[in-house]
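J.: Numbering of the sequence shown is given in the working numbering, commencing with residue 1 and proceeding in unit increments. Quick reminder that beta carbons are idealized off the backbone N, C-alpha and C, glycines included. Predicted model, so just to flag it, every value in this text is computed and none were measured. There's a structure below that I have some questions on.
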Amino acid sequence: MPRPKGSKNKPKTVISYEIQAKGIRSEINANQKSVDKLSHEVDALVSSLSAKKKELRSARTRLNRSTKQLTQLESRVGEEKRRQDVTKLLDTLLASGKSVDDLEAAINQL
């Protein structure tokens with residue numbers, strides 16, 4: 001059997017399981033604190049998000065209401081303008097001496 005080469009006087013490494021366990025426990029505690037902090041931040045962001053969503057729904061409701069009112073107002077303005085145009089046309093036709101049948105035909109064309 002051949003002889004092994006190399007020195008037999010190498011220092012032996014001693015593994016201290018207590019030191020390793022202490023280091024791992026401190027890592028676990030640090031990670032737990034980090035997780036707790038992040039969980040708190042997430043909870044704050046979730047509550048902020050729900051508040052913002054509520055504000056957005058409210059703003060959309062107000063926008064829809066305003067759009068509906070604007071449409072109704074534009075409709076009323078259009079009707080009023082048409083009435084004024086018809087009145088102006090009738091006055092012009094009456095002043096020119098047209099008959100009632102001619103007036104009805106002119107109104108139906110509008």
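Rounded to whole angstroms, what's the CA-CA distance from Y17 to Q32? Just pull it up for me.
T.: Approximately 22 Å between the Cα atoms of the pair.
J.: Using the Cα positions of S99 and E80, report the straight-line distance between them to the nearest angstrom.
T.: The alpha-carbon atoms of S99 and E80 are separated by roughly 25 Å.
J.: Per DSSP, what kind of secondary structure is S96 in: helix, strand or coil?
T.: Helix at S96.
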